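Novice: So the sequence shown is residues -26 to -1, 1 to 155, counted in mature numbering (1 follows the signal peptide of the UniProt record, and there is no 0).
Cβ atoms here follow ideal geometry from the backbone N, Cα and C, with glycine treated the same way.
Bear in mind the structure is a predicted one, so any value in this text is a computation, not a measurement.
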Amino acid sequence: MSNRYLAALLLAGAAGPMAVVHPAHAAAPPAHTLVMTATAYGPSRRDNFPFGPVTFYGQPLVAGDVAVDPRVIPLGSRLYITGYRSPDLPQPGFYAVACDTGDAIQGDRIDIFLNGGPAQVAAFGIQAVRVTILPAPRPPAPPTGRRPRAGALKPDLLPVPGSSLIAEPPWRQPPPRPAAS
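1) By the 10 Å Cβ neighbour count, where 16 or more other Cβ atoms means buried, how is Ala154 classified, buried or exposed?
2) Is the separation between the beta-carbon of Ile47 and that of Ala70 shorter than 7 angstroms?
3) Where do the ends of the alpha helix (DSSP H) carrying Gln80 lie?
4) With burial defined as no fewer than 16 other Cβ atoms inside 10 Å of the residue's Cβ, what is the status of Leu132: buried or exposed?
5) Please identify the residue among Met10, Phe23 and Ser60 whose C-alpha is closest to the C-alpha of Gly38.
6) Around the C-beta of Val95, are 16 or more other C-beta atoms found within 10 angstroms, so that it is buried, or is it exposed?
7) Among the residues of its own chain, which have a CB less than 8 angstroms from the CB of Thr75, if the five just before and after it don't count?
8) Cα-Cα, which of Asp21, Phe98, Ser51 and Ile79 is closest to Thr106?
9) When DSSP builds the beta bridges, which residues end up paired with Ile55?
10) What is the residue span of the beta strand (DSSP E) that Val9 lies within?
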């Protein structure tokens, strides 16, 4: 055996037993907050050229939608934004989804959609805001693979295909054995 192979075996054994954690049971990453520069944009053709007032996903923009640099904040991230001064947005903060991008949105910068005219967008100006990236909701725990006791079945639950509670379709039944002669 080569020395490299022996070293790999020793290191693997030295690490001890390793636990496999299903992602649904892993602890959610904590929310983290960034201080970013915020501007606003509106439904005008100039602000949304060439696609019009739609998100990156093609959905119509609504007040509070946020354009981000996907290298800093992944698209689809849930956000909580505070620290702005605007009568057009809820105080003291609002929840949003990072659902849009823009050529001018690079690095630590976000663009908040305001469903108003150019005066409303200009009044927002350029502000420093706090953007908290919230952890994604945890998916439901995976099924355990155990069937409930017969008396524990709930009426709204359907039996699992392949279980003894459902007759197998003819094409899944084993073929009959030939009679022994």
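Specialist: So, to answer that:
1) Position 180 of the sequence shown, counted from the start, is the residue given in the question as residue 154. Its Cβ having fewer than 16 others within 10 Å, Ala154 is exposed.
2) Taking the sequence shown and counting its residues from 1, the one referred to as residue 47 is at position 73. Taking the sequence shown and counting its residues from 1, the one referred to as residue 70 is at position 96. It is not a contact, given that the beta carbons lie outside the stated cut-off.
3) Looking up residue 80 in the sequence shown gives position 106. No alpha helix (DSSP H) contains Gln80, which DSSP labels as neither H nor E.
4) Stepping through the sequence shown from its first residue, residue 132 is reached at position 158. The predicted position of Leu132 is uncertain, since its pLDDT is 48 and thus under 50; a value taken from the coordinates is nonetheless stated next. Exposed, by the Cβ-count rule.
5) Taking the sequence shown and counting its residues from 1, one reaches residue 38 at position 64. Per the Cα distances, Ser60.
6) For this step, residue 95 is matched to residue 121 along the sequence shown. That one is buried.
7) Position 101 of the sequence shown, counted from the start, is the residue given in the question as residue 75. If we look at Thr75 and ignore the five residues flanking it on each side, its Cβ neighbours are Phe30, Ala41, Val42, Asp43, Pro44 and Leu49.
8) Here residue 106 refers to the residue found at position 132 of the sequence shown. Checking every option, the nearest Cα to that of Thr106 belongs to Ser51.
9) As a first step, residue 55 must be located in the sequence shown, where it is residue number 81. Note: Ile55 sits in a beta bridge opposite Phe68 and Val105.
10) One-based indexing of the sequence shown puts residue 9 at position 35. Taken as a continuous stretch (DSSP letters only), the beta strand (DSSP E) holding Val9 covers His6 to Tyr15.
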